[in-house]
Amino acid sequence: MGESSVRYKLYGLVALLLIVAAVAAILGAYTQAFTPVVAATVRADRSGLLMDPGADVTLLGVTVGKVRAVRSDEDAAIVEVAFDRGLVDEIPANVTANLLAPTIFGAKYINLVMPEQPSRQHVAAGAVIQPTTVGPEINSVFEGVVSLLRSIDPAQLNSALGALSTGLQGRGAQLGGTIQQFDAYLAALQPSLPALRSDISGVADVSDVYADATPDLLATAANTTATSRTLVEKEAQLAAFLVDLSGLADSTRGFLTDNEAGLHDSLATLAPVTALLARYSPQTTCLLASTNQVRPPLEQLMGGAQPGLHLLSSFLPGQDPYRYPRDLPKVAANSGPSCYGGPFAPGAPPGPYVKFDDGSHPFDSRSDGVTVGNPPLATQLFGPAAANGGR
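Residue numbers (the UniProt record's numbering): 1 to 391.
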């Protein structure tokens, strides 16, 4: 009897251990304790009500993990999640999360949201996922409804509902027709919504421009007010000025009428002169600069350093005698505007000699010395009579 009793007790202990092991295995399987997972956290400003361990974590409608724990951290809520290691490669590192509830009274779950440009890296162990939205709470909805009901007087609400009921009684057909017309208007308006949206954006841009220009517009309005006040105060002087201006206009009209032909002829005569002056106008600045450059030596020459006129005299060969028709004067110079080397820079050589086609020959470029040729030296020294031996 003693051995049988001990054996039965051992059998009972083993059975109890097997039951405990089975329960632990079931609980471990339910909580995925034996499933290889990747742990991460979702950090939100709040987790709300009915977010419990064991809630699903979904991605595109597929369950990819479970909620392990929910705890608070100062002013934030930390939701610890575990992703199935076999599915973690499908979850990008830049994924975000929404804490949602299927119904107002249902338990929350976490829905992962794929970004527009998924990262090539998948979510890693210890990653912190930021939520985009947290679903509304039933207590917040009730609180809003209670606040709304408290702000409404029941008697006034009853009167308003009664008046609305009386007004709509027997007018169902008219109300239905109105709704149909409104629906037709909306259907006709729908194709124009993109253009309307663009126009509204344009109105916003125009409003910004007007907002930037408003200070200037107000300043202009203030100045216009001051100008208007001045015109009112000087009304008599303005009237007299307009009368005088009218008389001046009449006199000017008479003068122009009487001298129309003369003014036309004068302008026609001045046209070539002004055209010539316009052509040679670039030379004016050079002429003034050159004149100012030669002013200091001229002051030294004519009474600048000491009274009197300082001259250096020398003998030069006489010019060639006048020859007909070679030396007939001509008006044919057409060289255009030029400074001819001036104003001279310090140390620069003088400008080259320019021969104008005016009929004169002041310098023969073929010979710059004294020759006995044509005319002979005697003629150059003593005149034409010396060439004939004094005869």
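No residue lacks a Cβ here, since even glycine has one placed at the ideal position from N, Cα and C.
**Report entry** Residues sharing a beta bridge with K66, DSSP
**Finding:** The residue labelled residue 66 in the question sits at position 66 within the sequence shown. Beta-bridge pairing links K66 to D56, A82.
Query raised in the report: Hey, would you say Q169 sits closer than 8 Å to R43, going by beta carbons?
Result: The residue you call residue 169 lines up with position 169 of the sequence shown. The residue you call residue 43 lines up with position 43 of the sequence shown. For Q169 and R43, no; Cβs fall outside 8 Å.
Query raised in the report: Considering only residues of the same chain and omitting the five flanking positions on each side of E260, which have a CB-CB separation below 8 Å?
Result: Your numbering for residue 260 matches position 260 in the sequence shown. For E260, where only same-chain residues beyond five positions count, there are no Cβ hits under 8 Å.
Report task. Could you tell me which residues DSSP puts in a beta bridge with I19? Result -> Here residue 19 corresponds to residue number 19 of the sequence shown, with the count starting at 1. In the DSSP output, where bridge partners are listed per residue, I19 has none listed.
Report task. Identify the continuous beta strand (DSSP E) that holds Y280 and give its terminal residues. Result -> Translated into the one-based positions of the sequence shown, residue 280 becomes position 280. Careful: Y280 lies outside any beta strand (DSSP E), inside the alpha helix (DSSP H) at 260-280.
**Report entry** T220 versus I200: straight-line alpha-carbon distance, rounded
**Finding:** On the sequence shown, residue 220 is found 220 positions in, with the first residue counted as 1. On the sequence shown, residue 200 is found 200 positions in, with the first residue counted as 1. Each residue's Cα considered, the two are about 28 Å apart.
**Report entry** Option in F241, R150, S360 with minimal Cα separation from Y322
**Finding:** Here residue 322 corresponds to residue number 322 of the sequence shown, with the count starting at 1. Residue S360 is the option with its Cα nearest to Y322.
Query raised in the report: Based on the DSSP output, what are the partners of L100 in its beta bridges?
Result: Position 100 of the sequence shown, counted from the first residue, corresponds to residue 100. Answer is Y109.
Report task. Please state whether DSSP places A187 in a helix, a strand or coil. Result -> As a first step, residue 187 is located in the sequence shown; it is residue number 187 there, counting from the start. A187 falls in the helix class under three-state DSSP.
**Report entry** Distance between L157 and G172 (C-alpha atoms, nearest Å)
**Finding:** Counting from one through the sequence shown, the residue named residue 172 turns up at place 172. Counting from one through the sequence shown, the residue named residue 157 turns up at place 157. Going by the C-alpha atoms only, they are around 22 Å apart.
Query raised in the report: I129 bridges to which residues according to DSSP?
Result: Start at 1 with the first residue of the sequence shown, and residue 129 comes out as number 129. Answer by DSSP bridge pairing, in chain order: V42.
Requested in this report: Determine the closest residue to residue 400 out of T230, R279, V128, A15, with distance taken between C-alpha atoms.
Outcome: With the chain running from 1 to 391 in the structure shown, residue 400 is simply not present.
Query raised in the report: I think A101 touches A39, with their Cβ atoms under 8 Å apart; what is that distance to the nearest whole Å?
Result: Here residue 101 refers to the residue found at position 101 when the sequence shown is read from its first residue. Here residue 39 refers to the residue found at position 39 when the sequence shown is read from its first residue. In fact, because the Cβ distance is near 24 Å, the residues do not count as touching under 8 Å.
**Report entry** CB of E64 within 8 Å of CB of I91, strictly
**Finding:** Stepping through the sequence shown from its first residue, residue 64 is reached at position 64. Stepping through the sequence shown from its first residue, residue 91 is reached at position 91. It should be noted that the sequence gives Val, not Glu, for residue 64. Yes, Cβ-Cβ distance for V64 and I91 is below 8 Å.
Requested in this report: Using only alpha-carbon positions, find the residue among L231, L256, L298, A204 that is nearest to P307.
Outcome: On the sequence shown, residue 307 is found 307 positions in, with the first residue counted as 1. Closest by alpha carbon: L298.
Query raised in the report: Around the Cβ of A97, are there at least 16 other Cβ atoms within 10 angstroms (buried) or fewer (exposed)?
Result: Residue numbering aside, residue 97 sits at position 97 when the sequence shown is read from its first letter. Label assigned to A97: buried.
**Report entry** Element boundaries [alpha helix (DSSP H), containing A213]
**Finding:** The residue you call residue 213 lines up with position 213 of the sequence shown. Per DSSP, A213 belongs to the alpha helix (DSSP H) from 193-233.
Query raised in the report: Hey, would you say the C-beta of L248 is under 7 Å away from at least one heavy atom of the ligand COA?
Result: Only the bare structure without any ligand can be found here, which leaves the ligand COA out of the picture.
Requested in this report: Verify whether the separation of the beta carbon atoms of G342 and G336 is less than 8 Å.
Outcome: Looking up residue 342 in the sequence shown gives position 342. Looking up residue 336 in the sequence shown gives position 336. No, they are not a contact pair.
Requested in this report: Can you give me the Cβ contacts of R68 inside the same chain, cut-off strictly under 7 Å, excluding the 5 residues immediately before and after it?
Outcome: The residue you call residue 68 lines up with position 68 of the sequence shown. Excluding sequence neighbours, R68 sits near P53, E80, V81, A82.
Query raised in the report: Between the C-alpha atoms of R326 and K355, what's the straight-line distance to the nearest angstrom?
Result: On the sequence shown, residue 326 is found 326 positions in, with the first residue counted as 1. On the sequence shown, residue 355 is found 355 positions in, with the first residue counted as 1. Their Cα atoms are separated by approximately 15 Å.
Query raised in the report: Whose CA, out of V37, D73, A93, P115, lies closest to the CA of G86?
Result: Numbered from its first residue, the sequence shown carries residue 86 at position 86. Closest by alpha carbon: V37.
Requested in this report: Can you give me the Cβ contacts of R71 inside the same chain, cut-off strictly under 6 Å, excluding the 5 residues immediately before and after it?
Outcome: Translated into the one-based positions of the sequence shown, residue 71 becomes position 71. If we look at R71 and ignore the five residues flanking it on each side, its Cβ neighbours are I78.
Query raised in the report: For V113 versus V88, is the C-beta distance shorter than 8 Å?
Result: Locating residue 113 in the sequence shown gives position 113, where the first residue counts as 1. Locating residue 88 in the sequence shown gives position 88, where the first residue counts as 1. No, the pair does not count as a contact, with Cβ atoms beyond the cut-off.
**Report entry** Helix, strand or coil at V95 [DSSP, three-state]
**Finding:** Walking along the sequence shown from the start, residue 95 turns up at place 95. Three-state DSSP puts V95 in coil, outside helix and strand.
Query raised in the report: From S314, P329, S290, L301, pick the residue whose C-alpha is nearest to that of P346; which is it?
Result: Walking along the sequence shown from the start, residue 346 turns up at place 346. When only C-alpha atoms are compared, the closest one is S290.
Requested in this report: Could you check if A55 is buried or exposed, using at least 16 other CB atoms within 10 Å of its CB as the buried criterion?
Outcome: Residue mapping note: residue 55 aligns to position 55 of the sequence shown, counting from 1. Buried, because 16 or more other Cβ atoms sit within 10 Å of the Cβ of A55.
**Report entry** Inter-residue spacing [alpha-carbon to alpha-carbon] between D205 and S192
**Finding:** On the sequence shown, residue 205 is found 205 positions in, with the first residue counted as 1. On the sequence shown, residue 192 is found 192 positions in, with the first residue counted as 1. Distance between the alpha carbons of D205 and S192: 20 Å.
Query raised in the report: Roughly how many angstroms lie between the CA atoms of R229 and D216, to the nearest whole one?
Result: The residue given as residue 229 occupies position 229 in the sequence shown. The residue given as residue 216 occupies position 216 in the sequence shown. Whole-angstrom Cα-Cα distance: 20 Å.
Requested in this report: Give the secondary structure of S147 by DSSP, where H, G and I count as helix, E and B as strand, and everything else as coil.
Outcome: Stepping through the sequence shown from its first residue, residue 147 is reached at position 147. Here S147 sits in helix by DSSP.
Query - Buried or exposed by the 16-neighbour rule on C-beta atoms within 10 Å, applied to N223 - result: If you number the sequence shown from 1, residue 223 lands on position 223. Classification of N223: exposed, given that the 10 Å Cβ count is below 16.
Requested in this report: Helix, strand or coil for V354, going by three-state DSSP, please let me know.
Outcome: Translated into the one-based positions of the sequence shown, residue 354 becomes position 354. In the structure shown, V354 sits in coil (DSSP, three-state: anything other than H, G, I, E or B).
Report task. Just confirm the distance between the C-beta atoms of C339 and Q283, as a whole number of angstroms; I'd bet it's less than 8 Å. Result -> If you number the sequence shown from 1, residue 339 lands on position 339. If you number the sequence shown from 1, residue 283 lands on position 283. That belief holds up - the Cβ atoms of C339 and Q283 are roughly 7 Å apart, short of 8 Å.
Query raised in the report: Any Cβ of chain D within less than 8 Å of the Cβ of V209?
Result: Going by chain labels, chain D is absent from the structure shown, which holds only one protein chain.
Report task. List the endpoints of the continuous alpha helix (DSSP H) containing S165. Result -> Working through the sequence shown from its first residue, we reach residue 165 at position 165. Run containing S165: 154-168, per the alpha helix (DSSP H) assignment.
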